[in-house]
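Note that the sequence shown covers residues 989 to 1243 in this note's numbering.
Backbone N, C-alpha and C define an ideal beta-carbon position, used for all residues, glycine too.
Have a look at the structure below before the remarks.
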Amino acid sequence: MKPNNKYTDLGLEFWANIKLLNQRLGYFERMTKENPKPDFVIPTVQQVKDTFVQEGLDFSKLVQGDKWTGLGKTLTGYFQYRKKVLNTQVEPNLMDVKLAKALFIKMKNELRPKCPLPMNKQKGKKKGFAFFTGIINMLIEANAHGNPCNYDPKELTAITIGGFPVRALSRRIDGAFPSVINPVAIWEIKEYYYTTTFGSRVADGVYETLLDGFELKEVEENLNKKVKHYLMIDDHFTWWTLGRSYVSSPFLGQL
989 MKPNNKYTDL GLEFWANIKL LNQRLGYFER MTKENPKPDF VIPTVQQVKD
1039 TFVQEGLDFS KLVQGDKWTG LGKTLTGYFQ YRKKVLNTQV EPNLMDVKLA
1089 KALFIKMKNE LRPKCPLPMN KQKGKKKGFA FFTGIINMLI EANAHGNPCN
1139 YDPKELTAIT IGGFPVRALS RRIDGAFPSV INPVAIWEIK EYYYTTTFGS
1189 RVADGVYETL LDGFELKEVE ENLNKKVKHY LMIDDHFTWW TLGRSYVSSP
1239 FLGQL
(Lines of atoms letter the chains of each structure in order from A and count residues from 1; the text may use other names and numbers.)
(Lines give C-alpha, C1' and ligand atoms only; values in the text may rest on other atoms or scores of the structure.)
Protein backbone atom coordinates (compact mmCIF):
# COMPACT_ATOMS: atom_id res chain seq x y z
CA MET A 1 0.00 0.00 0.00
CA LYS A 2 1.24 3.44 -0.89
CA PRO A 3 0.00 6.29 1.32
CA ASN A 4 -2.81 8.46 0.02
CA ASN A 5 -1.34 11.95 -0.14
CA LYS A 6 -4.75 13.41 0.63
CA TYR A 7 -4.41 12.20 4.23
CA THR A 8 -0.67 12.20 4.96
CA ASP A 9 -0.21 15.81 6.07
CA LEU A 10 -3.37 16.55 8.03
CA GLY A 11 -1.68 16.94 11.40
CA LEU A 12 -2.16 15.39 14.80
CA GLU A 13 -5.42 17.25 15.45
CA PHE A 14 -7.12 15.38 12.62
CA TRP A 15 -5.88 11.99 13.83
CA ALA A 16 -6.89 12.78 17.41
CA ASN A 17 -10.49 13.05 16.22
CA ILE A 18 -10.21 9.84 14.19
CA LYS A 19 -8.89 7.98 17.24
CA LEU A 20 -11.54 9.39 19.57
CA LEU A 21 -14.38 8.34 17.27
CA ASN A 22 -12.81 4.91 16.74
CA GLN A 23 -12.56 4.48 20.49
CA ARG A 24 -16.15 5.48 21.23
CA LEU A 25 -17.93 4.06 18.16
CA GLY A 26 -15.64 1.12 17.47
CA TYR A 27 -13.87 0.18 14.28
CA PHE A 28 -16.38 -2.43 13.18
CA GLU A 29 -20.14 -2.78 13.43
CA ARG A 30 -21.69 -5.49 15.57
CA MET A 31 -23.46 -8.40 13.93
CA THR A 32 -27.19 -8.38 14.70
CA LYS A 33 -30.36 -9.77 13.15
CA GLU A 34 -30.92 -6.36 11.58
CA ASN A 35 -27.27 -6.18 10.43
CA PRO A 36 -26.16 -9.73 9.50
CA LYS A 37 -23.21 -8.47 7.44
CA PRO A 38 -21.41 -5.87 9.58
CA ASP A 39 -18.79 -3.58 8.08
CA PHE A 40 -16.40 -0.85 9.17
CA VAL A 41 -18.01 2.04 11.04
CA ILE A 42 -18.60 5.26 9.10
CA PRO A 43 -19.66 7.88 11.69
CA THR A 44 -22.81 9.85 10.94
CA VAL A 45 -23.30 13.51 11.78
CA GLN A 46 -25.54 12.56 14.69
CA GLN A 47 -23.07 10.00 16.04
CA VAL A 48 -20.30 12.60 16.02
CA LYS A 49 -22.49 15.14 17.80
CA ASP A 50 -23.65 12.60 20.39
CA THR A 51 -20.10 11.37 21.03
CA PHE A 52 -18.71 14.85 21.55
CA VAL A 53 -21.61 15.90 23.79
CA GLN A 54 -21.15 12.78 25.94
CA GLU A 55 -17.46 13.63 26.32
CA GLY A 56 -18.13 17.30 27.05
CA LEU A 57 -16.36 18.32 23.85
CA ASP A 58 -17.03 20.90 21.13
CA PHE A 59 -18.02 19.41 17.76
CA SER A 60 -18.32 22.73 15.91
CA LYS A 61 -15.10 22.20 13.92
CA LEU A 62 -16.64 19.06 12.45
CA VAL A 63 -20.38 19.75 12.36
CA GLN A 64 -22.38 22.96 11.93
CA GLY A 65 -26.10 22.43 12.45
CA ASP A 66 -26.69 19.08 10.78
CA LYS A 67 -24.02 19.38 8.11
CA TRP A 68 -20.35 18.52 7.93
CA THR A 69 -17.82 21.33 7.93
CA GLY A 70 -14.86 21.16 5.55
CA LEU A 71 -12.85 19.30 8.19
CA GLY A 72 -15.83 17.05 8.89
CA LYS A 73 -16.07 16.12 5.20
CA THR A 74 -12.39 15.25 5.16
CA LEU A 75 -12.86 13.13 8.28
CA THR A 76 -15.81 11.13 6.96
CA GLY A 77 -14.06 10.87 3.59
CA TYR A 78 -11.12 9.23 5.33
CA PHE A 79 -13.38 6.70 7.06
CA GLN A 80 -14.96 5.82 3.71
CA TYR A 81 -11.57 5.56 2.03
CA ARG A 82 -10.22 3.31 4.79
CA LYS A 83 -13.25 1.04 4.58
CA LYS A 84 -12.88 0.65 0.82
CA VAL A 85 -9.14 -0.02 0.91
CA LEU A 86 -9.34 -2.55 3.73
CA ASN A 87 -12.19 -4.47 2.11
CA THR A 88 -11.01 -4.42 -1.50
CA GLN A 89 -7.20 -4.37 -1.26
CA VAL A 90 -5.99 -5.47 2.17
CA GLU A 91 -8.29 -8.38 3.04
CA PRO A 92 -8.05 -10.14 -0.37
CA ASN A 93 -4.24 -10.07 -0.17
CA LEU A 94 -3.88 -11.54 3.32
CA MET A 95 -2.73 -15.18 3.17
CA ASP A 96 -2.88 -18.16 5.49
CA VAL A 97 0.10 -20.44 6.02
CA LYS A 98 -0.87 -22.80 3.17
CA LEU A 99 -1.07 -20.00 0.62
CA ALA A 100 2.12 -18.39 1.90
CA LYS A 101 4.01 -21.69 1.74
CA ALA A 102 2.84 -22.38 -1.81
CA LEU A 103 3.86 -18.90 -2.98
CA PHE A 104 7.20 -19.17 -1.19
CA ILE A 105 8.03 -22.50 -2.86
CA LYS A 106 6.95 -21.22 -6.28
CA MET A 107 9.12 -18.10 -6.00
CA LYS A 108 12.07 -20.03 -4.60
CA ASN A 109 11.99 -22.44 -7.55
CA GLU A 110 11.58 -19.68 -10.13
CA LEU A 111 14.00 -17.09 -8.75
CA ARG A 112 16.70 -19.33 -7.22
CA PRO A 113 17.52 -16.59 -4.71
CA LYS A 114 20.84 -15.88 -3.07
CA CYS A 115 19.30 -13.63 -0.40
CA PRO A 116 18.75 -14.94 3.15
CA LEU A 117 15.69 -17.17 3.64
CA PRO A 118 15.36 -17.24 7.43
CA MET A 119 13.64 -19.92 9.47
CA ASN A 120 10.67 -19.28 11.74
CA LYS A 121 10.81 -19.64 15.51
CA GLN A 122 8.34 -22.52 15.71
CA LYS A 123 9.05 -26.02 16.98
CA GLY A 124 8.17 -29.51 15.81
CA LYS A 125 5.99 -29.83 12.70
CA LYS A 126 5.56 -26.06 12.47
CA LYS A 127 9.29 -25.42 12.22
CA GLY A 128 10.37 -24.29 8.77
CA PHE A 129 11.00 -21.25 6.64
CA ALA A 130 9.57 -17.88 7.60
CA PHE A 131 7.49 -17.84 4.43
CA PHE A 132 6.41 -14.19 4.34
CA THR A 133 9.86 -12.87 5.22
CA GLY A 134 11.36 -15.11 2.54
CA ILE A 135 8.86 -13.86 -0.04
CA ILE A 136 9.73 -10.25 0.80
CA ASN A 137 13.47 -10.89 0.64
CA MET A 138 13.16 -12.63 -2.73
CA LEU A 139 11.06 -9.81 -4.19
CA ILE A 140 13.58 -7.21 -3.03
CA GLU A 141 16.54 -9.13 -4.43
CA ALA A 142 14.77 -9.70 -7.75
CA ASN A 143 14.12 -5.96 -8.15
CA ALA A 144 17.24 -4.45 -6.57
CA HIS A 145 19.29 -4.66 -9.79
CA GLY A 146 22.33 -5.88 -7.90
CA ASN A 147 22.27 -3.11 -5.31
CA PRO A 148 23.14 -4.10 -1.73
CA CYS A 149 20.47 -4.66 0.91
CA ASN A 150 20.62 -5.41 4.61
CA TYR A 151 18.00 -8.12 5.09
CA ASP A 152 18.57 -8.52 8.82
CA PRO A 153 20.07 -5.48 10.56
CA LYS A 154 21.31 -6.18 14.06
CA GLU A 155 21.99 -2.53 14.84
CA LEU A 156 20.10 0.74 15.08
CA THR A 157 19.30 2.81 12.01
CA ALA A 158 21.43 5.95 11.90
CA ILE A 159 21.15 9.22 10.00
CA THR A 160 24.36 11.15 9.42
CA ILE A 161 25.38 14.55 8.08
CA GLY A 162 28.93 15.00 6.84
CA GLY A 163 29.83 11.58 8.20
CA PHE A 164 28.68 12.47 11.72
CA PRO A 165 25.68 10.69 13.35
CA VAL A 166 22.82 13.12 14.06
CA ARG A 167 19.91 10.72 14.67
CA ALA A 168 19.47 7.06 15.61
CA LEU A 169 16.16 5.23 15.77
CA SER A 170 15.16 3.65 19.07
CA ARG A 171 14.55 0.15 17.67
CA ARG A 172 16.27 -2.35 15.42
CA ILE A 173 14.19 -2.81 12.29
CA ASP A 174 13.77 -5.94 10.13
CA GLY A 175 15.33 -4.67 6.93
CA ALA A 176 17.05 -1.67 5.38
CA PHE A 177 17.89 -0.64 1.84
CA PRO A 178 20.69 -0.32 1.04
CA SER A 179 22.06 -0.04 4.60
CA VAL A 180 21.07 0.97 8.13
CA ILE A 181 23.28 4.05 7.72
CA ASN A 182 21.31 6.69 5.81
CA PRO A 183 18.84 4.18 4.35
CA VAL A 184 16.54 4.91 1.45
CA ALA A 185 13.94 2.60 3.01
CA ILE A 186 13.40 0.51 6.13
CA TRP A 187 10.73 -2.05 6.94
CA GLU A 188 9.12 -4.11 9.66
CA ILE A 189 7.69 -7.59 9.00
CA LYS A 190 4.86 -9.06 11.07
CA GLU A 191 3.91 -12.59 10.01
CA TYR A 192 1.76 -14.53 12.47
CA TYR A 193 0.69 -17.70 10.67
CA TYR A 194 0.68 -19.86 13.78
CA THR A 195 -0.89 -17.37 16.19
CA THR A 196 -4.23 -18.45 17.69
CA THR A 197 -4.98 -15.39 19.84
CA PHE A 198 -4.48 -11.68 19.27
CA GLY A 199 -2.18 -11.08 22.23
CA SER A 200 -0.17 -8.08 23.33
CA ARG A 201 2.83 -9.19 21.27
CA VAL A 202 0.88 -8.66 18.06
CA ALA A 203 -0.58 -5.34 19.21
CA ASP A 204 2.87 -4.16 20.28
CA GLY A 205 4.05 -4.58 16.71
CA VAL A 206 1.71 -1.81 15.58
CA TYR A 207 2.78 0.56 18.34
CA GLU A 208 6.48 -0.13 17.76
CA THR A 209 6.08 0.72 14.09
CA LEU A 210 4.22 3.92 14.98
CA LEU A 211 7.23 4.91 17.11
CA ASP A 212 9.51 4.38 14.12
CA GLY A 213 7.17 6.50 12.04
CA PHE A 214 7.19 9.40 14.48
CA GLU A 215 11.00 9.35 14.66
CA LEU A 216 11.32 9.29 10.87
CA LYS A 217 8.82 12.13 10.56
CA GLU A 218 10.98 14.22 12.90
CA VAL A 219 14.02 13.43 10.76
CA GLU A 220 12.20 14.54 7.61
CA GLU A 221 10.86 17.75 9.15
CA ASN A 222 14.04 18.89 10.89
CA LEU A 223 16.81 17.40 8.76
CA ASN A 224 15.05 17.29 5.38
CA LYS A 225 15.96 13.63 4.97
CA LYS A 226 13.22 11.30 3.74
CA VAL A 227 13.38 7.60 4.65
CA LYS A 228 10.59 5.44 3.24
CA HIS A 229 8.96 3.33 5.93
CA TYR A 230 7.05 0.10 5.32
CA LEU A 231 5.03 -2.21 7.55
CA MET A 232 4.51 -5.66 6.02
CA ILE A 233 1.92 -7.86 7.70
CA ASP A 234 0.36 -11.24 7.00
CA ASP A 235 -1.94 -13.95 8.24
CA HIS A 236 -5.59 -13.58 7.45
CA PHE A 237 -6.87 -15.08 10.70
CA THR A 238 -4.65 -12.97 12.97
CA TRP A 239 -5.02 -9.62 11.27
CA TRP A 240 -8.55 -9.85 9.84
CA THR A 241 -10.56 -12.25 11.99
CA LEU A 242 -8.98 -11.38 15.35
CA GLY A 243 -7.37 -7.99 14.89
CA ARG A 244 -9.36 -5.98 12.40
CA SER A 245 -9.14 -2.86 14.56
CA TYR A 246 -5.36 -3.15 14.60
CA VAL A 247 -5.06 -3.69 10.86
CA SER A 248 -6.93 -0.38 10.59
CA SER A 249 -4.27 1.39 12.66
CA PRO A 250 -1.62 1.62 9.92
CA PHE A 251 -4.16 3.62 7.93
CA LEU A 252 -4.00 6.39 10.51
CA GLY A 253 -1.47 7.97 8.20
CA GLN A 254 1.27 8.17 10.80
CA LEU A 255 3.52 5.36 9.61
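Terminal residues of the beta strand (DSSP E) in which residue i lies
i              : result
valine 1154    : 1152 to 1156
aspartate 1222 : 1216 to 1222
glycine 1201   : Not the beta strand (DSSP E): glycine 1201 falls in the alpha helix (DSSP H), residues 1188 to 1211.
lysine 987     : The structure shown does not extend to residue 987, since the chain is modelled only from 989 through 1243, so no value can be given for it.
Residues that DSSP places opposite residue i in a beta bridge
i               : result
glutamine 1052  : Lys1055
isoleucine 1169 : Ala1146
glutamate 1179  : Asp1222
isoleucine 1174 : Ala1164 and His1217
For residue i, the three-state DSSP class (helix, strand or coil)
i                  : result
phenylalanine 1016 : strand
isoleucine 1161    : coil
threonine 996      : coil
isoleucine 1030    : coil
asparagine 1138    : strand
glycine 1001       : It should be pointed out that residue 1001 corresponds to glutamate in this sequence rather than to glycine. The answer is helix: DSSP assigns glutamate 1001 an H, G or I state.
leucine 1230       : helix
proline 1104       : coil
glycine 1044       : coil
leucine 1082       : coil
threonine 1076     : helix
Limits of the alpha helix (DSSP H) - the one that residue i falls within
i              : result
glycine 1122   : 1119 to 1131
glutamate 1098 : 1085 to 1099
serine 1237    : Note, serine 1237: premise wrong, no alpha helix (DSSP H); not H, not E.
Distance between beta carbons of residue j and residue i, contact taken as under 8 angstroms
i               : j               : result
glutamate 1123  : methionine 1095 : The amino acid occupying residue 1123 in the given sequence is isoleucine; glutamate does not appear at that position. Rounded, the Cβ-Cβ distance is 6 angstroms, consistent with contact.
threonine 1063  : asparagine 1005 : One detail in the question is off: residue 1063 reads as leucine in this sequence, not threonine. Leucine 1063 to asparagine 1005, Cβ: 6 angstroms. Contact.
histidine 1217  : isoleucine 1177 : Their Cβ separation, rounded to whole angstroms, is 13 angstroms, which puts histidine 1217 and isoleucine 1177 out of contact at 8 angstroms.
asparagine 1138 : alanine 1164    : 5 angstroms
leucine 1009    : valine 1036     : 7 angstroms
valine 1140     : proline 1104    : Per the sequence shown, residue 1140 should be read as aspartate rather than valine. Contact flag correct, Cβ pair sits at about 6 angstroms.
threonine 1145  : valine 1154     : Rounded, the Cβ-Cβ distance is 12 angstroms, inconsistent with contact.
Cutoff 6 angstroms; reference residue i; Cβ partners in own chain excluding five residues on either side
i             : result
tyrosine 1181 : Val1085 and Asp1223
valine 1235   : Trp1227
Contacts around residue i, its chain only, beta-carbon distance under 7 angstroms, and the 5 residues preceding and following it disregarded
i                  : result
arginine 1232      : Tyr1015 and Phe1016
leucine 1059       : Lys1049 and Leu1050
phenylalanine 1047 : Val1036, Lys1037 and Phe1040
Cβ-heavy atom distance, residue i to the ligand MG, below 7 angstroms
i                  : result
phenylalanine 1119 : Among the components of this structure there are no ligands whatsoever, and the ligand MG is therefore not found.
Min CB distance residue i to chain B below 8 angstroms
i               : result
asparagine 1131 : Going by chain labels, chain B is absent from the structure shown, which holds only one protein chain.
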